[in-house]
Amino acid sequence: MTRINENYLKLKASYLFSDIAKRVTAFQEANPEKSIIKLGIGDVTEPLPAACREAFHNAIDEMGTREGFHGYGPEQGYEFLRKAIALNDFQARGADIDPDEIFVSDGAKCDSGNFQEIFADDIKIAIPDPVYPVYVDTNVMAGRTGANIDDRYEGFVYLEATPENGYIPAIPEEKVDLIYLCFPNNPTGATATKEQLKMWVDYAKDCDALILFDAAYVAFIRDESLPRSIYEIEGAKEVAIEFRSFSKNAGFTGTRCAYTVVPKDLKAVDESGTEHSVHALWNRRHCTKFNGVSYPVQKAAEAIYSQEGKKEIRSLTDFYLENAKVVRSAVEALGFSCVGGDNSPYIWVNANRPSWDFFDVLLNEAGVVTTPGAGFGRCGENHIRISAFNSRSNIDEAMKRINHALTAKA
Ligand code: PLP
């Protein structure tokens, strides 16, 4: 029989969302009259902006004409979108990124998961804990780790984000080759300052490492002093790849469009020490395994950068941030310390007790579903993540119920 890739057997079964679903179903069966409010998942709830819908419709109509029909497009994305991205997301902030350093794709999940493919099997990888699980599992699948023991894979260097370090991991003592960073962070909602990112860029330069920087939540940053892109840091173009997504700013979770920035200055070496362009390698990989995002979707994404689109994106993200503020102040008023929610849609609550216990209290006493931090890594224990992606009425009702459940218990 055909043999499997046994690295898949090392993957820790992801029980997180199925365990949550099981507990929610059990609660609902025992309490059919009670409504449940879900503040657990990272999917958005508000509809697509009008500017995007209009561009989407127009592009579909164009596709219905002989002159406006588009077949296979450039794998890297249409020039109109790559130019709009480079201009608005980077050049406008003083980051010197060219349109041809941008690769449009169907998701930051795929890109952040696939990027590791172009590197050697035996490189040393630094992974945050807690973490967006895609970075971990894709490297396990590729055979870069040993077994999972006590929630840790052998072979990774873990970057611990804890209450003690304000949930910003410290630079590792040892040399690594590839570093995953995510700011604003999922799941903690923590953000990194320019000084903190500079330390990472300097460290990467010192040890000839590369940084995979996931900025999927950048549209939620409101603090003017915080960097939006790693390329605002001097020297980052020589050491960093950046992932962005239209999922959370423009509601594209179901529409699918994202991009990855791979500067032409980035270099990596082969076994003999000869340098190779990371841009050329990723271009080869992308063109071989990906066939482009559809024309109407790229037109809809381009509309995000129109005057109307920018306004709508701002009000969408403002709306979720207002939800986040409601959550954070309600939870803080109950005496919990939190991070996130100010420049991020996630609030990371220090529950001071096992995360599944707190999850159960909130489900059973308040009918509110959150995400237990333990599902994101060992350092997530004793925390829960609350997502601000919901309607205002659900957020208000959920906080009222949590307040009632926890104060009634006290
Ligand atoms: N990166 C992070 C940190 C995320 O939390 C998510 C989705 O939740 C993604 C990437 C996925 O983005 P996309 O919808 O573009 O695949």
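With our numbering applied, the sequence shown has no gaps in its numbers, which climb one by one up to 1390 at the end. Positions of the beta carbon are idealized from the N, C-alpha and C atoms, including for glycine. Remember, predicted model here, so these are calculated numbers, not experimental data.
Among 998, 1103, 1074 and 1093, whose alpha-carbon lies nearest the alpha-carbon of residue 1262?
Closest option to residue 1262, Cα to Cα, is 1093.
Go ahead and label residue 1253 buried or exposed: buried means 16 or more other beta carbons lie within 10 angstroms of its beta carbon, across all protein chains shown.
Counting C-beta atoms within 10 angstroms of its own C-beta, residue 1253 has fewer than 16 neighbours from the protein chains shown and is therefore classed as exposed.
Contact between the segment 1336-1347 and the segment 1174-1186 is defined here as three or more beta-carbon pairs at a separation below 8 Å; is this criterion met?
In short, these stretches do not touch, since the Cβ pair count stays below three.
Cβ-heavy atom distance between residue 1194 and ligand 1 below 7 Å?
Indeed, a heavy atom of ligand 1 lies less than 7 Å from the Cβ.
Any heavy atom of ligand 1 closer than 7 Å to the Cβ of residue 1166?
Taking 7 Å as the cut-off, one finds at least one heavy atom of ligand 1 near enough to the beta carbon of residue 1166.
Which residues does DSSP list as the beta-bridge partners of residue 1366?
1327, per the DSSP bridge assignment.
Apart from the five residues on each side of it in sequence, which residues of its chain come closer than 7 Å, Cβ to Cβ, to residue 1117?
If we look at residue 1117 and ignore the five residues flanking it on each side, its Cβ neighbours are 991.
What residue range is occupied by the uninterrupted beta strand (DSSP E) comprising residue 1223?
Element bounds for residue 1223: 1220-1225.
Expressed to the nearest angstrom, what Euclidean distance is found between the alpha-carbon atoms of residue 1013 and residue 1347?
Their backbone Cα atoms lie some 11 Å apart in a straight line.
What three-state label does DSSP hand residue 1129 in the structure shown?
Looking at residue 1129 - three-state DSSP - the assignment turns out to be strand.
Sort 1375, 1372, 1345 and 1229 by Cα distance to residue 1387 and report the nearest one.
Closest by C-alpha distance to residue 1387, out of 1375, 1372, 1345 and 1229, is 1345.
To which residues of the same chain is residue 1211 closer than 8 Å at the C-beta, ignoring the five residues directly before and after it?
Closer than 8 Å at the Cβ level, and outside the excluded window around residue 1211, lie 1070, 1075, 1076, 1077, 1217, 1220, 1222, 1241 and 1243.
Can you round the beta-carbon distance between residue 1203 and residue 1323 to whole angstroms, since I take them to be within the 8 Å contact cut?
That belief holds up - the Cβ atoms of residue 1203 and residue 1323 are roughly 5 Å apart, short of 8 Å.
Beta carbon of residue 1035: closer than 7 Å to some heavy atom of ligand 1?
Because no heavy atom of ligand 1 lies under 7 Å away, the Cβ of residue 1035 does not count as near it: no.
Hey, would you say residue 1021 sits closer than 8 Å to residue 1008, going by beta carbons?
Between residue 1021 and residue 1008, the gap from beta carbon to beta carbon reaches 8 Å or more.
What's the C-alpha gap between residue 1173 and residue 1205?
Each residue's alpha carbon lies about 7 Å from the other.
Is residue 1089 near ligand 1, with its Cβ less than 7 Å from a heavy atom?
Yes, since a heavy atom of ligand 1 falls inside the 7 Å radius drawn around the Cβ of residue 1089.
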